[in-house]
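Number of protein chains: 2
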Amino acid sequence: MTDFSWNIKKKSKNSNARIGVISTPHGKIKTPAFIFCATKAALKSFSTADAKINNTQIILSNTYHLMLQPGSELVAKHGGLHKFIGWNGPMLTDSGGFQIFSLGQGSVADEIKGRKSNTKIKKTLLNINEEGAIFQSYIDGAKKLLSPEQSIQIQRDLGADLILVFDECTPFNVDKEYTSKSMLRSHRWAIRSINAFNSPHIYQPRYGSAGSQEVYGIIQGGIYKDLREESIYFNQNNIDTFGIAIGGSLGSNKEEMKEVVGFTANKLKDNRPVHLLGIGDPIDIWEFVKNGIDTFDCVSPTRLARHGSALIKGRKKKINLKNVKFKEKLEPIDSNCSCYTCQNFTLSYLYHLFASGELLGLQLLTNHNIFFMNDLMNTIRVSIENDNFEKTKVEWLNS
Amino acid sequence: MTDFSWNIKKKSKNSNARIGVISTPHGKIKTPAFIFCATKAALKSFSTADAKINNTQIILSNTYHLMLQPGSELVAKHGGLHKFIGWNGPMLTDSGGFQIFSLGQGSVADEIKGRKSNTKIKKTLLNINEEGAIFQSYIDGAKKLLSPEQSIQIQRDLGADLILVFDECTPFNVDKEYTSKSMLRSHRWAIRSINAFNSPHIYQPRYGSAGSQEVYGIIQGGIYKDLREESIYFNQNNIDTFGIAIGGSLGSNKEEMKEVVGFTANKLKDNRPVHLLGIGDPIDIWEFVKNGIDTFDCVSPTRLARHGSALIKGRKKKINLKNVKFKEKLEPIDSNCSCYTCQNFTLSYLYHLFASGELLGLQLLTNHNIFFMNDLMNTIRVSIENDNFEKTKVEWLNS
């Protein structure tokens, strides 16, 4: 326990926004912070060395993907994820719940964020019962069980600093009855996860050890305030975790999401760091920091880059470098940005890379987007420090 | 002329191997050196910053590709290729001849290197006449002419330090009569190229200037020694160029290539640096350095990486990381290699990246292969300096 700590350094006067420090055996995380996704033990098109150069504090990997490929035992043989992927900073792993239910039911991510999705994903979730989730491997079709105990075993093998209890991530289109039933089961799974986590003689890394770890609970309850309150009570009083994450469905549109996150986050005590699962839109981040969210994660910065989009300040959010209007533009994405991409390359060059199918384009945009998100979080932290969060937010959104 | 110089620092006692320095406005190149291909103004999956970290001295881009996309005028508007691609070291551009004839006739590259190719490439070369080559753009199907004067105009726009005369790269399957006719036309094209190069008031960068440039002649003659001799005489006596490149067909197999390159290179005076076009096999490099070749270029280090292969010392040359035998190997590609990839990642991790389709795999192998080639060239230079080239060569090939 001594390897970890959570300290709030300063709170805003006019909101729940706060700056703090999460200390881990692999270093400190200044919050509010953004967590980048190395889903399958690799940042998409980007090295961990470059992530560090671009001020990245913490990255995450996914239990679900890694249990299937390459298998958590092989990662344990390396001495854990940090060594496997060449990253000696803080790491988090999710519990696998989100992916199983997401891949099993179609795109939960779209639903959580209030987007309509036309994506047809083959359902791989076979059954959920008290024991856990039974699903089909997308690698070889084999039938697999993921239970709270298995999730903890795998996360012990992976050895990330911060790990999550196993949960069911309910989509928004299920009714209140199912959401309640699922929440209560997730609470029981949380207790089993923590019991497994506190049984290091049973659930230990199968080869060597990557060091000590701490666990986050997850607040469920979907869009129902009474259920959220019940889950908040459970997480704050019935289980003893290092941190708390807000999970489950956040509604079917942005307004509902704002309502659900605001309602939930504002009710949390400040004795644990609060993570909001799966949210990475800069405008949302400005909003939710105000509610006391300390960390965020999302695939969006790297995914947008792969699709040709560069993040920019302001309400427009992004520009797409595949657009021919950039063909002859001799200025960078943002002349005030001090990332490698903006310091060295024009919009015209980036357009050329995408037009001619050069993978370097993805890398240079990923570089910009990662730098951008870290710069955004730094701007937020400085504004809280200097008591001008609201003013800075308005300036940023209007730039 | 004062921006450029060529100095031989030391010659081997037992062969024509030599170390030297090519000075350019963008820095010095210690020879023997390898030139990496940024064909379409980008190293494949790799930034110019990382190329520099991996000891890269010089890179090249291709007139043919860049004239079609994005167009050399746009590059000139940036102030030349160096600024366009964020590389302030020495650069070379080829004249476009190789690609037109290669893409026009199927895979000339395979023929030059004595490999049989089954690749069916759509023929885009429409006609060759005294004026130049008429071909169809692979971008939009438009009919284009590339002449010696146009090639120089484009290379002026691109602004590389070292540029090439326009030539026809004859494949090995044409007869001696055609090879001779083509060689003589390439000689006339060389004279026209140099006249254009020496007419800076006509053929100047269309926007601003990237700085001074120097030109290389190209020795033709295919596999025919009398033609090679004629072309050597022409290049050494009839035209005044900074450097000399060996081009055209080098035969239908490795033995013929060794014969042709050895015969040609050994007849060259040492007053100009000698470039061998399109050869990048480490075993060939050890061979041809002995004949007095100063610089090499080839797409192979980056292409092999994209196909999952890592270069290794010795006659085996490479290993393929897609092979499942590497799945659980916890050692790096080469535990004596000090590149970022070998210092941080296991074969098992690299296998995982390819197995799970992560583009980072390409980047990490490209990193290793670029470092490897620069390290090879450094090993060669040090061995010449220390008078133990042959011993070092044998050790390297047997490691």
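Residue numbers (the working numbering), protein chains in the order written: chain A, 1 to 399; chain B, 1 to 399.
Backbone N, C-alpha and C fix where the C-beta goes; we use that ideal spot for every residue, glycine too.
TODO: Find the residues of chain A that neighbour Lys40(B), judging by a C-beta separation of less than 9 Å, and give them in chain order.
DONE: Chain order gives the chain A residues near Lys40(B) as His352, Leu353, Ser356, Gly357, Glu358, where near means a beta carbon separation below 9 Å.
- [ ] Measure the Cβ-Cβ separation of Ile163(B) and Gln213(B) and say whether it is below 8 Å.
- [x] Yes, the pair counts as a contact, with Cβ atoms nearer than the cut-off.
- [ ] Please list the partners that Tyr340(B) has in chain A, where partner means a Cβ-to-Cβ separation under 9 Å.
- [x] At a C-beta separation below 9 Å, Tyr340(B) has these neighbours in chain A: Ser47, Ala49, Gly86.
Task: Residue-level contact to chain A via CB, His78(B), 8 Å cutoff - done: It does: the Cβ of His78(B) has a partner Cβ on chain A nearer than 8 Å.
TODO: Determine, using beta-carbon pairs with one atom in the segment 56-65 of chain A and one in the segment 88-98 of chain A, whether at least three such pairs fall under 8 Å.
DONE: Because the criterion of three Cβ pairs below 8 Å is met, the segment 56-65 of chain A and the segment 88-98 of chain A touch.
TODO: Please classify Gly132(A): is it buried, with 16 or more other beta-carbons within 10 angstroms of its beta-carbon, or exposed?
DONE: Buried, by the Cβ-count rule.
Task: Per-residue DSSP class, three states only, for Val75(A) - done: Per DSSP, reduced to three states, the secondary structure at Val75(A) is helical.
- [ ] Show which residues of chain B have a CB atom less than 9 Å away from the CB atom of Thr56(A).
- [x] What Thr56(A) touches in chain B: nothing, since even the nearest Cβ is about 15 Å away.
- [ ] Just mark Asp233(B) as buried or exposed, buried being the case when its beta carbon has 16 or more other beta carbons within 10 Å.
- [x] A quick correction: the sequence has Tyr, not Asp, at residue 233(B). Tyr233(B) should be labelled exposed.
TODO: Could you work out which residues of chain A lie near Leu362(B), taking near to mean beta carbons separated by less than 8 Å?
DONE: Those are Leu359, listed as they occur along chain A.
Task: Nearest-angstrom Cα separation, counted from Lys83(B) out to Gly27(B) - done: As the crow flies, the alpha-carbon of Gly27(B) is around 15 Å from that of Lys83(B).
Task: Option nearest Cys342(A) by Cα separation, candidates Asp294(A), Ala355(A), Val324(A), Gly361(A) - done: Among Asp294(A), Ala355(A), Val324(A), Gly361(A), the Cα nearest to that of Cys342(A) belongs to Gly361(A).
Open item on the list: I'd like to know whether the C-beta of Phe345(B) is nearer than 8 Å to at least one C-beta of chain A.
Closed with: Residue contact with chain A for Phe345(B): present (Cβ-Cβ distance below 8 Å to some residue of chain A).
Task: C-beta atoms of Gln204(A) and Gly248(A) nearer than 8 Å - done: No. Outside cutoff.
- [ ] Taking Tyr340(B) as the reference, give the member of Val165(B), Phe371(B), Met257(B), Leu311(B) with the closest Cα.
- [x] The shortest Cα separation from Tyr340(B) among Val165(B), Phe371(B), Met257(B), Leu311(B) belongs to Phe371(B).
Task: Chain-ordered residues of the segment 315-336 of chain B with a beta carbon less than 9 Å from chain A - done: For the segment 315-336 of chain B, which is checked against every Cβ of chain A, the residues closer than 9 Å are Lys327, Glu328, Leu330.
- [ ] Return the residue from the list Gly79(A), Asn344(A), Ser15(A), Lys181(A) that minimises the CA-CA distance to Asn88(B).
- [x] For Asn88(B), the closest C-alpha among the options Gly79(A), Asn344(A), Ser15(A), Lys181(A) is that of Asn344(A).
Task: DSSP-derived helix/strand/coil call for Ile35(B) - done: Residue state, collapsed to three classes: strand.
Task: Cα-Cα separation, Lys269(A) to Ala245(A) - done: Put simply, the backbone Cα of Lys269(A) is about 13 Å away from that of Ala245(A).
TODO: Mind checking who Thr295(B) pairs with in its DSSP beta bridge?
DONE: Thr295(B) pairs with Ala33(B), His275(B).
Task: Rounded C-alpha distance that separates Ile319(A) from Thr48(A) - done: Taking the straight line from one Cα to the other gives about 25 Å.
TODO: Can you tell me the Cβ-Cβ gap for Lys77(A) and Tyr207(A), rounded? I've got them flagged as a contact below 8 Å.
DONE: Contact check for Lys77(A) and Tyr207(A): beta-carbon distance about 5 Å, within the 8 Å limit, so the pair qualifies.
Open item on the list: Under 8 Å, Cβ to Cβ, is there at least one residue of chain A near Lys10(B)?
Closed with: It does not; no Cβ of chain A falls within 8 Å.
Open item on the list: Count Cβ pairs between the segment 295-308 of chain B and the segment 344-357 of chain A that sit closer than 8 Å; are there 3 or more?
Closed with: The answer is no - the segment 344-357 of chain A does not touch the segment 295-308 of chain B, with fewer than three Cβ pairs under 8 Å.
- [ ] Measure the Cβ-Cβ separation of Ser23(A) and Phe4(A) and say whether it is below 8 Å.
- [x] Yes.
Task: Among Glu395(A), Asn369(A), Asn195(A), His352(A), the one whose alpha carbon lies nearest that of Cys298(A) - done: When the alpha-carbon of Cys298(A) is set against those of Glu395(A), Asn369(A), Asn195(A), His352(A), the nearest one is in Asn369(A).
- [ ] Apply the 10 Å Cβ neighbour rule to Leu145(A) and answer buried if 16 or more other Cβ atoms are within range, or exposed otherwise.
- [x] When all chains shown are included, Leu145(A) counts as exposed.
Task: Own chain, CB closer than 7 Å to Ser180(A), minus 5 neighbours either side, in chain order - done: Excluding sequence neighbours, Ser180(A) sits near Leu227.
Open item on the list: Any C-beta of chain A within less than 8 Å: which residues of the segment 189-219 of chain B qualify?
Closed with: Listed in sequence order: no entries.
Task: Same chain only: Cβ atoms within 6 Å of Ile29(A), ignoring 5 sequence neighbours per side - done: Within the same chain, Ile29(A) has close Cβ partners Ile22, Gln57, Ile58, Pro90.
Open item on the list: Output needed for Ile191(A): all residues of its chain with C-beta closer than 7 Å, excluding positions within five of it in sequence on either side, in chain order.
Closed with: Closer than 7 Å at the Cβ level, and outside the excluded window around Ile191(A), lie Ile239.
Open item on the list: Just list the residues that DSSP pairs Gly243(B) with in beta bridges.
Closed with: Tyr216(B), per the DSSP bridge assignment.
Task: Partner residues on chain B for Leu43(A), Cβ-Cβ distance less than 8 Å - done: Result: Leu360.
Task: Residue burial classification, Val165(B) (beta-carbon count within 10 angstroms, cutoff 16) - done: Burial call: buried.
Open item on the list: Less than 8 Å between CB atoms is the rule here; does Ser5(A) satisfy it with respect to chain B?
Closed with: No, because no Cβ of chain B sits closer than 8 Å to the Cβ of Ser5(A).
TODO: Taking the CB atoms as reference points, tell me whether Ile211(B) and Thr241(B) lie closer together than 8 Å.
DONE: Going by the sequence as given, residue 211(B) is Gly instead of Ile. With respect to Thr241(B), Gly211(B) sits apart: the two C-beta atoms are not nearer than 8 Å.
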